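Sequence order for the protein chains is A and B.
Residue 146 is where the first sequence starts when you use the working numbering, and the numbers rise one by one after that.
Residue 19 is where the second sequence starts when you use the working numbering, and the numbers rise one by one after that.
Think of the CB as a built atom: it goes at the ideal place given N, C-alpha and C, for glycine as much as any other residue.
No experiment lies behind these values; they were computed from the predicted model shown.
Working notes, beginning with the structure itself.
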Amino acid sequence: MTRATLLRILGAVAVALALIALWQLGSNAGLISPVFFPGPDRSFGTLWEQLHEAEFWLAFGETLRRMALGFVSASLVGIVVGSAIGLSPGLRTYVEPTLEFVRPLPASAVIPLFVLLLGLNERMIIAVIAFASLWPVLLGTVHGFKTIEPRLTEVARMLQLSPLGFIVKMALPNAMPDIFAGLRLALTVSLILAVVTEMLSGMEGLGHNIIMAARSFRSADLYAGIIVLGAIGFATNFVLERVERHVLRWRGEERG
Amino acid sequence: MARLLKGLILPLALILLWELAARSGFIVAESLSHPSAIARAALGAVADGTLLQATKETFGAALAGMAIGAALGTACGIAFGLWRLLAALMRLSTEALRPIPSVALIPLALLIYGFGYRMEIAVVAFACFWPLLIITESAVRGIEPRLIEVSRALGLSLTARIFKIVLPATLPRVFVGLRLAAAVALVVAVTVEITANPIGLGYALIVAQESMKPDRMFVFLAWIGFLGWLINAVLLRAQQRWFGRMGNWAEQR
């Protein structure tokens with residue numbers, strides 16, 4: 146690490162600390178009502194207290210579990226179905242227009258439908274998260290498989306690769322960057338939908354916690370909840386990025 | 019034409035299957051309704067003006083939020099793109115705020131503004147800020163360095179440099195960002211309405227579900243889906259028309 150980058154990192158930390166200090170000063174001065182603007186001292190203090198409570202970890206675990214269940218099932222289905230659609234031009238002409246129509250559909254708009262079908266329960270939550278995260282993965286996979294370089298297909302024919310060999314050795318690696326782009330989007334979507342469904346259903350979870358905190362004007366709890374959700378978003382994204390970098394390491398730096 | 023027809027087969031077959039299943043009593047019409055009842059409910063929702071009113075409310079909030087968020091995002095993106103040091107200094111702070119899911123701010127906006135347009139606009143603005151910030155920043159970084167040199171040589175002022183060089187050069191990619199932000203704005207606006215705010219299409223959707231009117235619920239669901247598709251299609255056409263190959267190039271970046 147050179148001195149210049151070190152200075153930049155220190156500078157960035159200093160700016161972040163200065164912003165937090167400004168937040169503290171602003172709330173101390175009482176310019177904005179403490180009812181909805183607690184200082185960082187109260188917000189992080191509450192967060193620290195919550196970290197020692199079993200209830201918080203229960204809600205935390207529930208939210209993460211729902212997110213993971215929905216995300217993983219959506220990824221599996223999305224990659225399998227997406228590769229089938231992407232590999233078959235015939236199938237694509239029938240299915241793609243419908244997919245293009247579903248793509249921009251706001252995922253949260255299907256919640257009422259799932260509530261009608263399944264009721265306000267755990268199954269509904271997982272189904273909504275899975276349904277919403279399915280589309281980015283599916284569409285990304287379709288795109289990745291259909292944009293395979295024609296010369297690669299020719300090479301595969303020359304090498305007399307079996308269809309399975311072609312998929313595993315050429316089509317899948319070729320589609321991987323697009324699949325990961327879809328997965329990244331789906332991860333964000335799964336967290337959003339977990340929070341939204343918890344807010345709506347009143348099932349235990351971080352989404353439920355923050356809406357309750359807002360309704361009872363416990364602003365410090367609300368801020369603590371938002372910080373935790375931001376941290377989950379950051380951490381899950383970080384892990385997925387690491388996985389992506391590991392899986393795609395053969396691509397080298399030049400295309401990154 | 020043949021492509022269009024082939025594309026229509028699947029949705030039409032699904033609708034027909036649904037209708038038949040409901041008619042034959044295979045699925046319960048009370049919870050799932052059926053396409054002909056939904057068509058009737060659609061006529062009703064158009065006739066009594068609720069559909070138009072709800073659409074206006076959602077569009078108003080989504081557009082206002084998008085305008086604020088996108089304007090701030092573009093401005094910050096230009097600033098971060100032009101001054102690397104500023105971008106480096108702000109990096110930690112922006113990266114700490116960016117992963118916050120926009121829906122986590124719904125309770126906060128509710129606490130600050132109460133029900134109504136303002137809280138929805140605030141959440142939409144937060145969500146639309148990020149795509150524009152990221153795309154504009156990288157677009158400004160990608161400007162041909164000679165253009166910047168020319169502007170220096172001409173002794174252009176900062177505002178002239180931004181409006182005559184930076185904005186025109188980055189416009190195709192900023193437009194791609196706006197297209198993404200428009201989709202985000204609709205999604206977030208509807209989500210805010212479903213979870214908290216009693217206005218617009220999202221609320222109409224929830225009310226229809228809670229009052230056990232599945233036909234009406236499907237009307238709003240289909241309408242929201244159609245609007246999302248329409249906005250994207252229109253902006254995509256505009257992008258191709260105004261920017262042509264530049265737009266395609268911007269898309270791939």
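query, result
"Which residues in chain B have a C-beta closer than 8 Å to the C-beta of GLU241 (chain A)? List them in chain order.", "GLY25"
"Between the stretch 251 to 260 of chain A and the stretch 233 to 244 of chain B, can you find at least three pairs of beta-carbon atoms closer than 8 Å?", "yes"
"Note down, one range per segment and in chain order, each alpha helix (DSSP H) of at least 4 residues found wholly within the stretch 48 to 100 of chain B.", "53 to 65, 68 to 100"
"Taking only beta-carbon positions, decide if PRO249 (chain A) is within less than 7 Å of chain B.", "yes"
"Whose C-alpha, out of B:LEU253, B:PRO125, B:GLU228, B:SER175, is nearest the C-alpha of VAL194 (chain B)?", "B:LEU253"
"Just the chain B side, please: which residues come within less than 8 Å of THR238 (chain A) by C-beta, in chain order?", "ARG21, LYS24, GLY25"
"Determine the closest residue to PHE433 (chain A) out of A:ILE165, A:GLU349, A:LEU297, A:PRO322, with distance taken between C-alpha atoms.", "This structure cannot settle anything about residue 433 (chain A), because the visible part of chain A is limited to 146 through 401."
"Could you run through the stretch 167 to 186 of chain A and flag, in chain order, every residue whose CB is less than 7 Å away from some CB of chain B?", "PHE181"
"Starting from the beta carbon of VAL208 (chain B), find every residue of chain A whose beta carbon is closer than 7 Å, and list them in chain order.", "PRO251, SER253, ALA254"
"For chain B, is any of its Cβ atoms less than 7 Å away from the one on MET212 (chain A)?", "no"
"So, VAL160 (chain A) versus LEU107 (chain B), is the Cβ gap smaller than 7 Å?", "yes"
"Between which residues of its own chain and PRO308 (chain A) is the CB-CB distance below 7 Å, once the five residues before and five after are set aside?", "none"
"For a cutoff of 7 Å on Cβ pairs, would you count ARG153 (chain A) as touching chain B?", "yes"
"Would you please verify whether the beta carbon of MET344 (chain A) is less than 7 Å from any beta carbon of chain B?", "yes"
"Under the assumption that ARG116 (chain B) contacts ALA157 (chain B) (Cβ atoms under 8 Å), give the Cβ distance between them as a whole number of angstroms.", "The pair is not a contact, with the Cβ atoms about 18 Å apart (cut-off 8 Å)."
"At a Cβ cut of 8 Å, what residues of the stretch 323 to 341 of chain A count as close to chain B, listed as they run along the chain?", "THR333, LEU336, ILE337, VAL340, VAL341"
"Would you say GLY206 (chain A) lies against chain B (beta-carbon separation less than 7 Å)?", "no"
"Restricting to Cα atoms, I'd like to know which of B:GLY218, B:ARG21, B:ILE86 is closest to THR68 (chain B).", "B:GLY218"
"For THR213 (chain B), which residues in chain A fall below 8 Å Cβ to Cβ?", "SER253, VAL341, MET344, LEU345, ILE356"
"If we count the other Cβ atoms within 10 Å of its Cβ and call it buried at 16 or more, is LEU23 (chain B) buried or exposed?", "exposed"
"In chain order, what residues of the stretch 374 to 389 of chain A put their CB closer than 7 Å to some CB of chain B?", "LEU374, GLY375, GLY378, PHE379, ASN382"
"What's the C-alpha gap between ALA240 (chain B) and TYR368 (chain A)?", "36 Å"
"So, THR92 (chain B) versus LEU174 (chain B), is the Cβ gap smaller than 7 Å?", "no"
"If contact means a Cβ-Cβ distance below 7 Å, which residues of the stretch 190 to 208 of chain B contact chain A?", "ALA201, LEU204, VAL205, VAL208"
"Rounded to the nearest angstrom, what separates LEU223 (chain B) and ALA72 (chain B) at their Cα positions?", "10 Å"
"What's the gap between the Cα of ALA219 (chain A) and the Cα of MET315 (chain A)?", "23 Å"
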